[in-house]
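*Asks:* Shown below is the structure under consideration.
Residue numbers (this note's numbering): -11 to 526.
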C-alpha cells in the first residue's frame, strides 16, 4: 500500500494478511483486518477493542461460527485486499488527515471501519454484543478528541474529509459490484467489449463512447467490462483498473453557490488523476454539455476537455444516436476526444440467448421457474407487438413482469400461516438488532431464542404442507402473452393463435369490417398469404 502507516498499523495489516493466509483465503477482508487490529497489542485500536471484550479468542470463535452458518464470510473478489477493505483503508487516510496525523494509525483504521458501517467487521463487533458507537467514541477519547464534538459522525458517516471523497460520494464502483456478484451476467457483445478495450488501450484519444438506441444494452456492455476486469481476462493496459459510474445529476443537484459545481468536478478530476487507476463511466454522456453551466459558469464538458486531451483522464460515455448527433457532434472539440462504438439492437436469436443467460437472476428473485417457451414468446411477441422499444430490454421487461404476475398469483389473497411465521421471524431479527445497538444483551438473547423456536416451527409446517417438494411456480408462454396483451391492448386470443390459423380465416376476419366486395377481399387475402409464404411474381 502507498499510504504511510505507523508501526502498529503496518503490523496490524501484516497480521491481517497472515490470518487470511492461515484460513486459506485468497483475499484479505475487513474481518481479517479487525483480527489484525486486535492481535496487534501496541496500538490504540487494540487497547480499546480488548477493553470492550473484543478479544482474539472471542473474535476467532465468532468468525468460525459465522463461517459455519453462512458457508463463507465474504466473497472472494481478488488477491490482496477486498474492495470493501480497500475503501476502509482509503477512509483511514482521510481520518488521519482530519486529525492532522502524518501517518495512518490503528485508531484511524478502526474509526474508518465503524464509519463505513456496511462491512463484516462491524457485524462481528455487534455479534459479540459490543456497541460500535461506544468503541468509536472511546477511540476519539484515546486520541485526545472530545466525543461530544463528533456526535453527528455516525449518522452522516463523518464529514467529507473522513475519507468519503467527492469521487466516492458521486460515483458507484462497478468493479466492486462485479466482485461481490451484484451485477447481472452479460451474454454476447464480445465484439463491442473487445472494441472498447482496444480504444481504452490507445495512447491518446483512449475514450470510447457507446452509441445505440435506448434499451439495446449499452450500460450492460460496461458492466461486462467490469466483470472482465475483476476476472482478470483483460490486457495489461486495463487490468486492475477501477470502473466508476459518475452520478452527474447528483453533482449538479447539491451545488447551490456559484463555482461550487465547477469545484466538485475539478476535485473529482484531481482524485482520478491522483489515483491513476480509474476509468469513469458517464451514462447519457450528452448531459455533460451544459451541465452546471449557469450564467458566467463553465459547463462540465469544458472542464473535462483539457484532462481528456492530455490523456490524464479516461472516460467511457454512452448515449443514443439522436443525442450524439444533436449534442456531441456539434461540439467538435469534445467529439474529437471520444471514439464512437456502435451498439446495434440484437436479433431475435441473440435476444433469446441473453434471456436464457439472465433467466436465473429473475428466477431467484421472484422464486419462480421460467420455461423455454416463455423466453421464446417474450422475444417473438415483444418484437411483433411492441414497436416503440428495443430488444433485449423490452423482452427482459416482459419476462420480469410475467414472473411478478405468476408470483403474486401463487401468493393468493388469503392469509398464509407460513407467511405469518416468516413475518414474525423478520420482526424478531429487528428486535435482535435493536437490542444489540442498545447494548441490552439479555433482550437480544431472548429474542434470538424466540427466533430459533419460530424457525423450527416454520420448517416443521413447511414439511407438513409439502411446500418444499412442490417446486416453484412456472412462468409459461400464456403468462407472457397476458403481459403483452395488457401492454399492447391486443386480446390474448389473438396473441396465442397460430399464424397459419389466422391466415386461413383471413377472409372471414376481413368481412367483419368490409361489407360486400367479395372479389376484393379474396384478392387481398391471397396476396397476404402469398407474401407471408415468401412467394413472388416471376
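Heads up, the beta-carbon is just placed ideally off N, CA and C, and yes, glycines get one too.
Please say whether residue 202 and residue 40 have beta carbons closer to each other than 8 Å?
*Replies:* Residue numbering aside, residue 40 sits at position 52 when the chain shown is read from its first letter. Residue numbering aside, residue 202 sits at position 214 when the chain shown is read from its first letter. No, the Cβ-Cβ distance between residue 40 and residue 202 is not below 8 Å.
*Asks:* On the premise that residue 131 lies in contact with residue 33, defined as a C-beta separation below 8 Å, what is that separation, rounded to the nearest angstrom?
*Replies:* The count along the chain shown starts at 1 and reaches residue 33 at position 45. The count along the chain shown starts at 1 and reaches residue 131 at position 143. Between residue 131 and residue 33 the Cβ distance is about 10 Å, and since that is not below 8 Å, they are no contact.
*Asks:* Could you name the residues that DSSP lists as bridge partners for residue 196?
*Replies:* Position 208 of the chain shown holds residue 196. Note: residue 196 sits in a beta bridge opposite 327.
*Asks:* At a cut of 8 Å, does the region 252 to 268 reach the region 173 to 187 through at least three beta carbon pairs?
*Replies:* The answer is no - the region 173 to 187 does not touch the region 252 to 268, with fewer than three Cβ pairs under 8 Å.
*Asks:* Just grab the DSSP bridge partners of residue -7 for me.
*Replies:* For the purposes of this step, residue -7 is taken as residue 5 along the chain shown, with counting starting at 1. Answer is 92, bridged to residue -7.
*Asks:* CB-CB under 7 Å to residue 297, same chain, minus the five flanking residues each way: which ones, in chain order?
*Replies:* Numbered from 1 along the chain shown, position 309 holds the residue referred to as residue 297. Closer than 7 Å at Cβ, skipping near neighbours: 325.
*Asks:* Helix, strand or coil, according to DSSP, for residue 304 in the structure here?
*Replies:* Taking the chain shown and counting its residues from 1, the one referred to as residue 304 is at position 316. Strand, per DSSP.
*Asks:* Could you pull the DSSP bridge partners for residue 463 from this structure?
*Replies:* Here the question's residue 463 lines up with position 475 in the chain shown. Beta-bridge pairing links residue 463 to 358.
*Asks:* Quick one: is residue 192 buried, meaning 16 or more other Cβ sit within 10 Å of its Cβ, or exposed?
*Replies:* In the chain shown, residue 192 corresponds to position 204, counting from 1. Residue 192 is exposed by the Cβ-count criterion.
*Asks:* Using the three-state DSSP reduction, which class does residue 181 fall into: helix, strand or coil?
*Replies:* Position 193 of the chain shown, counted from the first residue, corresponds to residue 181. Helix, per DSSP.
*Asks:* Among the candidates 322, 395, 436 and 397, whose CA atom is the shortest distance from the CA of residue 415?
*Replies:* As a working mapping, residue 415 is identified with position 427 in the chain shown. Per the Cα distances, 436.
*Asks:* Return the CA-CA distance between residue 389 and residue 183, expressed in angstroms with no decimal places.
*Replies:* Reading the chain shown from its first residue, position 401 is the one you call residue 389. Reading the chain shown from its first residue, position 195 is the one you call residue 183. One C-alpha to the other measures close to 34 Å.
*Asks:* Check residue 434 in the structure and name its three-state DSSP category.
*Replies:* Numbered from 1 along the chain shown, position 446 holds the residue referred to as residue 434. Of the three classes helix, strand and coil, the one that applies to residue 434 here is helix, per DSSP.
*Asks:* Let me know if residue 396 comes out buried or exposed under the rule of 16 or more other beta-carbons within 10 Å of its beta-carbon.
*Replies:* The count along the chain shown starts at 1 and reaches residue 396 at position 408. Exposed, by the Cβ-count rule.
*Asks:* Mind checking whether residue 387 and residue 353 have CB atoms under 8 Å apart?
*Replies:* In the chain shown, the residue the question calls residue 387 occupies position 399. In the chain shown, the residue the question calls residue 353 occupies position 365. Result no, Cβ atoms of residue 387 and residue 353 do not sit closer than 8 Å.
*Asks:* Short of 8 Å in beta carbon distance, which residues of its chain neighbour residue 50, apart from the five on each side in sequence? Order them along the chain.
*Replies:* Mapped onto the chain shown, residue 50 falls at position 62. 112, 115 and 116, listed in sequence order.
*Asks:* Should residue 194 be labelled buried (16 or more other beta-carbon atoms within 10 Å of its own) or exposed?
*Replies:* Numbered from its first residue, the chain shown carries residue 194 at position 206. Under this definition residue 194 is a buried residue.
*Asks:* Just confirm the distance between the C-beta atoms of residue 232 and residue 160, as a whole number of angstroms; I'd bet it's less than 8 Å.
*Replies:* Against the chain shown, residue 232 aligns to sequence position 244. Against the chain shown, residue 160 aligns to sequence position 172. 7 Å between Cβ atoms; contact.
*Asks:* Could you name the residues of the same chain whose beta carbon sits closer than 7 Å to that of residue 270, not counting the 5 residues immediately before and after it, in chain order?
*Replies:* Residue mapping note: residue 270 aligns to position 282 of the chain shown, counting from 1. Same-chain partners within the cutoff: 234, 236, 276, 303 and 305.
*Asks:* What are the boundary residues of the alpha helix (DSSP H) that residue 249 is part of?
*Replies:* Locating residue 249 in the chain shown gives position 261, counting from the first residue. Start and end: 248 to 263.
*Asks:* Quick one: is residue 369 buried, meaning 16 or more other Cβ sit within 10 Å of its Cβ, or exposed?
*Replies:* Taking the first residue of the chain shown as position 1, residue 369 is located at position 381. Residue 369 comes out buried.
*Asks:* Between the Cα of residue 204 and those of 339, 471 and 438, spot the shortest distance and give me the residue it belongs to.
*Replies:* Locating residue 204 in the chain shown gives position 216, counting from the first residue. The candidate whose alpha carbon is nearest that of residue 204 is 339.
*Asks:* Hey, how far is the Cα of residue 68 from the Cα of residue 375?
*Replies:* For the purposes of this step, residue 68 is taken as residue 80 along the chain shown, with counting starting at 1. For the purposes of this step, residue 375 is taken as residue 387 along the chain shown, with counting starting at 1. Looking at the two C-alpha atoms, the distance is approximately 49 Å.
*Asks:* Quick one: Cα of residue 226 to Cα of residue 185, how far?
*Replies:* Mapped onto the chain shown, residue 226 falls at position 238. Mapped onto the chain shown, residue 185 falls at position 197. Roughly 7 Å between the two C-alpha positions.
*Asks:* Go through its chain and collect everything with a Cβ distance to residue 56's Cβ below 6 Å, but skip five positions before and after it.
*Replies:* On the chain shown, residue 56 is found 68 positions in, with the first residue counted as 1. Only weak support exists for where residue 56 lies, its pLDDT of 39 falling under 50; the coordinates are left without a value.
*Asks:* Restricting to runs no shorter than 4 residues, where is the alpha helix (DSSP H) found entirely within the region -8 to 46?
*Replies:* For the region -8 to 46, whole alpha helix (DSSP H) runs of length 4 or above, ordered along the chain, are -5 to 10, 18 to 27 and 32 to 39.
*Asks:* Consider the C-beta atom of residue 384 and the heavy atoms of the ligand ZN; say whether any pair is separated by less than 7 Å.
*Replies:* This structure does not include the ligand ZN; it has no bound ligands of any sort.
*Asks:* With the cut-off set at 8 Å, would you say residue 0 and residue 37 are in Cβ contact?
*Replies:* If you number the chain shown from 1, residue 0 lands on position 12. If you number the chain shown from 1, residue 37 lands on position 49. The answer is no: Cβ separation not under 8 Å.
*Asks:* For residue 260, tell me which candidate among 295, 273, 217 and 121 has the shortest Cα-Cα distance.
*Replies:* Position 272 of the chain shown holds residue 260. When each option's Cα is compared against that of residue 260, the closest is 295.
*Asks:* Apart from the five residues just before and just after residue 120, which ones in its own chain have a Cβ nearer than 7 Å to its Cβ?
*Replies:* The residue given as residue 120 occupies position 132 in the chain shown. Only 102, 110, 113 and 114 meet the Cβ criterion.
*Asks:* Just to check my reading of the structure: residue 409 and residue 372 have Cβ atoms closer than 8 Å, yes? What is that Cβ distance to the nearest angstrom?
*Replies:* Working through the chain shown from its first residue, we reach residue 409 at position 421. Working through the chain shown from its first residue, we reach residue 372 at position 384. Actually they do not touch by this definition, with Cβ atoms about 45 Å apart.
*Asks:* If residue 467 sits next to residue 393, beta carbons under 8 Å apart, how far is it from one beta carbon to the other, in whole angstroms?
*Replies:* The sequence position of residue 467 within the chain shown is 479, counting from 1. The sequence position of residue 393 within the chain shown is 405, counting from 1. With 8 Å as the limit, residue 467 and residue 393 qualify as a contact, their Cβ atoms being about 6 Å apart.
*Asks:* Between the Cα of residue 128 and the Cα atoms of 444, 87 and 380, which residue gives the shortest distance?
*Replies:* Translated into the one-based positions of the chain shown, residue 128 becomes position 140. Per the Cα distances, 87.
*Asks:* CB residue 108 to CB residue 17, shorter than 8 Å?
*Replies:* If you number the chain shown from 1, residue 108 lands on position 120. If you number the chain shown from 1, residue 17 lands on position 29. It is a contact, given that the beta carbons lie within the stated cut-off.
*Asks:* Going by other Cβ atoms of all chains shown within 10 Å of its Cβ, with 16 needed for buried, is residue 196 buried or exposed?
*Replies:* Here residue 196 refers to the residue found at position 208 when the chain shown is read from its first residue. By the 10 Å Cβ count, residue 196 comes out buried.
*Asks:* Tell me, please, which residues DSSP counts as bridged to residue 266.
*Replies:* The residue given as residue 266 occupies position 278 in the chain shown. Residue 266 is bridged to 230.
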